[in-house]
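Below is one structure, written out as structure tokens; comments come after it.
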Amino acid sequence: MEILSVLQSIVTVNNILYLCLGVCGGIIGGALPGISPSMTIALLLPMSLYLPTSNAIMLLIGAYQGAMYGGSISAILINTPGTASAAATAFDGYEMARQGRAGKAIGISLAASCTGGIISCIMLILLVKHLALLSLKFGPAEYFGIMLFALTMIAGVCGGNLLKGLMAATFGIMLATVGMDPVTGTERLTFGIFDLYDGFSMLSVFIGVFALSEILVQLRMSREELDTKPEILDYTRDRLTFGEYWSQRWNMLISGILGCLIGILPGVGGSTASFVAYAEAKRRSKYPEKFGTGIIDGVAASEAANNGVCGGALVPMLALGIPGDVVTAIMIGAFVAQGIKPGPLLFTQNIKDVYLIYIGLILSVIALFVIGIFSIRYIVKIVSIKKSILFPCVFVLCVVGTYAARGNLFDCLIMIMFGLFGYFLRRNKFQIAPFIIAYILGPEVELNYRLALRISNMNYLTFFQKPISLFFISATLLFIAFSMFKEQISRTLRFKGSKNQ
Amino acid sequence: MALCAAVVGLVLHLGVLAVGSDAGEFPTKPIEMVVPYAPGGGTHIAAEILVPGAEQFLGQPLQITTKPGAGGAVGATYVVKSKADGYTLLYTTLSLAIAPYLGKVGYDLNDFMGIAQCSDVASVIAVKADSPWNNAKELQEWIKKNPEQFSWAHPGVGSSLHILGANVFHQMGVLKDAKDVPFKGTAPGTAAVLGGHVQAISTFLPAILENVKANELKVIGVCGAERLPELPDVPTFAEQGFPAMSTSWRGVFASKNIPPEILKKLEASFAEIIASPAYKERSDKLGEPLVYKNMEDFTALLNRDSEAMKTLLESMGLAQK
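Protein chains in written order, with my numbering: chain A, 1 to 501; chain B, 1001 to 1321.
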């Protein structure tokens, strides 16, 4: 069988070596706040150009999977997600770490990442052509629908105070408008500052609002607290049990599928997927109020989804030659430089290259699992570093990473500014999550709304005339209605309950 | 306290050591080449293929740094503001000539001297393969008969593909009726055309070559003076009666204030790198047509295109200066 012979030629010591190298590099790059998955791949790109093709592919795919998992490490241990796609992991993951269950948190993160990765691999391999056709059905109107739906669903993570959550989200959308108008090219709120022409650098905002604000919050602790070595549970007691893993099987399956489906849309990536999966898991759950207090469900959903994106983003890349997200955009460049031409003809003319990528993807999940398992006990030791030493290191990483993104010191200034802003939000009991989600999704909603109107000659009905867009807008309205209904029911029940006492 | 003083003293001494010696011929230390676009993008990768030859012909490694932003203006400004000693170069595209007319940028075109042109990429207008138009004339007639129903994609306001595409419709006389739809990059635009959400896309051939070969997209015309070798049957717009001649080139630039001997050395070295067979091989793999111009010709091209862009942008109503 052809596949067997291809397998034989691919599974070589050299390839496995580069795969593991890629996974390690990806985990480190993903874990370091300041280095995003796309930057990790971009850093590995020049190296890959000198390698033979199969080694290069193994390296890059391994790094992709590793980075999507790696972000959860810093999210869980120090509440400073290494990547935007791990932000939702921090909600429950960090709580678990604070309760001394860091090992379990990282364990479920690893398990969910691998599970989500495998699910999206399977979907990719079996359904690539169908998924590609599905992704083409999404034009600006449809993107508007799905983004609006995602934005609304994520209102579920506003926590208790809806008003404050909405205010935070409004701040997010406002700040996201800074920069060049995407349709007309005029400058918005740049105040003539040249470096703001493209808006605030996404990384600066993210690192500032999550990482730096967390450091500032921690600074309020006394000197003694910062200097004590935290206790961590013995590793043998703080592990993920198989039972716990198995209890999450539906959660991971659904989140992985969601991640893959979101990944197939060019331009939407890990952060959207993980937030949507988290919100959906919370909505589905029998104990939604426990989300955010440190349950494994939250971590499992977020991590399964963001690794699910890996397989999904490869769908348009392989089938259409269109990158599914920032990382695959860079990977296309690397593949082209190697002489692989992603696109519809790849399947008919160069099926061997396709198999190489598929097998690379599957092996990367296995490599991730193996490397992850061995490294958990060492990773968890990070929690035992004195905070007075850990946080300055994190701060340096934040500054360096932010600078490295565009080579611009201005970005570091912005990061510090957003750090202070994030600190202000936290101190006044605003939630960071709605802010960052609105910041990421708001511009997408706006752009697609305006493009859809432009294409349809300002026909506002276009959103209702296109079936997919209509579907998502209806789903949004239904979701809002349902949530209000649920709120009303529970309020009535509570009222009745208090009356009976 | 003593420890503090010792550390400070050590750091200051390190600073003294860091001042490189300028003795010896240029170059004596690695040269930085700034790519003013996102890492991993087409321009970045095209710049990377110069690196292996640099060690050999220039004598020092070439370090690529990416400084994206403002359609290429951020990186260009950085190079102009750097010390004019030949150790900071710019690798960029036609956008260098476009950006100044779209808004305030931190540089003036006269600050730059072209060192070497590396490639010349002609843009194309592509439509879905089953569209009813087979050439530019049919497209023009359809747009005239159905104004406000035609939309075409490009990767962003002010990008070279936006301007080059608009030029085509301007030559056809239907600029007002053909709605330009700015997506975030070529990828979503290509997906939109394939999905039938927009009718056409202005892009470079390498990005959609596979789709064309698979008969998903077809090319209406080529913007430039010559047909593309990959599509010998597709006429240029000029051949079809619409002289849209501007193309997007890529090349190396440096500050005009660099001493002439260093400029000459850079010109000669890059000429050798680009002429080498190893470079040609890498360039072919990338799908970039290798077109070389030396310092004099390239700088002249820059000035010519600058004038052409100015006229074009003014007639399109996009110029802000």
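Here a beta-carbon is modelled for each residue, glycine too, at the ideal position from N, C-alpha and C.
Owing to the predicted nature of the structure, the values given are computational and were not obtained by experimental measurement.
Annotation: Thr1043 (chain B) has no Cβ neighbours in chain A at a cutoff of 9 Å; minimum Cβ distance is about 10 Å.
Per DSSP, the continuous alpha helix (DSSP H) segment holding Ile1098 (chain B) begins and ends at 1095 to 1102.
Between Gly1221 (chain B) and Leu136 (chain A), the C-beta spacing is not below 7 Å.
The beta carbons of Ala1116 (chain B) and Val1212 (chain B) sit no closer together than 7 Å. Check the Cα spacing between Ala1038 (chain B) and each of A:Leu390, A:Gly422, A:Gly407: the tightest is with A:Gly407. Against chain A, a Cβ distance below 8 Å from Asn1211 (chain B) picks out Leu320, Gly321, Gly343, Pro344. Secondary structure in the region 345 to 413 of chain A: the alpha helix (DSSP H) runs of 4 residues or longer, each lying completely within the stretch, are 345 to 349, 351 to 379, 387 to 406 in chain order. In the three-state DSSP reduction, Ser255 (chain A) falls in the helix class (H, G or I). The residue among A:Leu131, A:Gly324, A:Leu493, A:Ile27 with its C-alpha nearest the C-alpha of Ser74 (chain A) is A:Ile27. The residues Gly71, Ser72, Ala75, in chain order, have a CB closer than 6 Å to that of Ala86 (chain A) in the same chain once the five nearest residues on each side in sequence are set aside. Taking a Cβ-Cβ cut-off of 7 Å, the neighbours of Tyr197 (chain A) in chain B comprise Gly1069, Ala1070, given in sequence order.
Gly1241 (chain B) has a beta carbon lying at 7 Å or more from every beta carbon in chain A.
In this structure, B:His1197 is the residue among B:Ala1054, B:His1197, B:Val1174 with its C-alpha nearest to the C-alpha of Phe1183 (chain B). When DSSP reads this structure, Ser1202 (chain B) sits in a beta bridge with B:Ile1125. A Cβ of chain A is located within less than 7 Å of the beta carbon of Val1157 (chain B). In this chain, Ser113 (chain A) is not harboured by any beta strand (DSSP E); it is covered by the alpha helix (DSSP H) spanning 102 to 136. Here Gly145 (chain A) has Ser469, Phe472, Ile473 as same chain residues with Cβ atoms under 6 Å from its own Cβ, once five neighbours each way along the sequence are excluded. Along the length of the region 256 to 287 of chain A, whole alpha helix (DSSP H) runs at least 4 residues long occupy 270 to 284, reported in chain order. The three-state reading of DSSP puts Val1193 (chain B) in helix, counting H, G and I together. Residue contact check for Pro1182 (chain B) against chain A: a CB pair falls below 7 Å. Any Cβ of chain A closer than 7 Å to the Cβ of Ser1151 (chain B) would place that residue at the interface, and such an atom is present. In the structure shown, Pro467 (chain A) falls within a helical segment according to DSSP collapsed to helix, strand and coil. Neighbourhood of Val1198 (chain B) in chain A, by CB distance below 8 Å: Gly139, Ile455, in chain order.
For Thr1065 (chain B), the enclosing beta strand (DSSP E) stretches over residues 1062 to 1066. No Cβ of chain A is located within less than 7 Å of the beta carbon of Lys1128 (chain B). Gly116 (chain A) places its beta carbon 7 Å or farther from that of Gly270 (chain A).
Taking a C-beta cut-off of 9 Å against chain A, the contacting residues of the region 1051 to 1066 of chain B are Val1051, Pro1052, Ile1064, Thr1065, Thr1066, listed in chain order. Contact annotation: in the region 119 to 137 of chain A, residues whose CB is within less than 8 Å of a CB in chain B are Ser135, Leu136, Lys137. When A:Leu258, A:Tyr287, A:Pro266, A:Ser285 are compared, the shortest CA-CA separation from Ala273 (chain A) is found for A:Leu258.
Contact between Val178 (chain A) and Gly199 (chain A) holds: their C-beta atoms lie close to 5 Å from each other, under 8 Å. Within chain B, no residue has its CB atom less than 8 Å from the CB of Leu189 (chain A), the nearest being about 15 Å off.
Under the Cβ criterion of 7 Å, Pro1229 (chain B) is not counted among the residues facing chain A. In this structure Leu314 (chain A) does not touch Ile359 (chain A) by the C-beta definition: roughly 13 Å separates them, more than the 8 Å allowed. For Thr1190 (chain B), the closest Cβ of chain A is nearer than 7 Å. Taking Phe418 (chain A) as the centre and dropping the five residues before and after it, the same chain places the C-beta of Val205, Gly208, Val209 closer than 6 Å to its C-beta, in chain order.
The Cβ atoms of Thr402 (chain A) and Leu203 (chain A) sit closer than 7 Å to each other.
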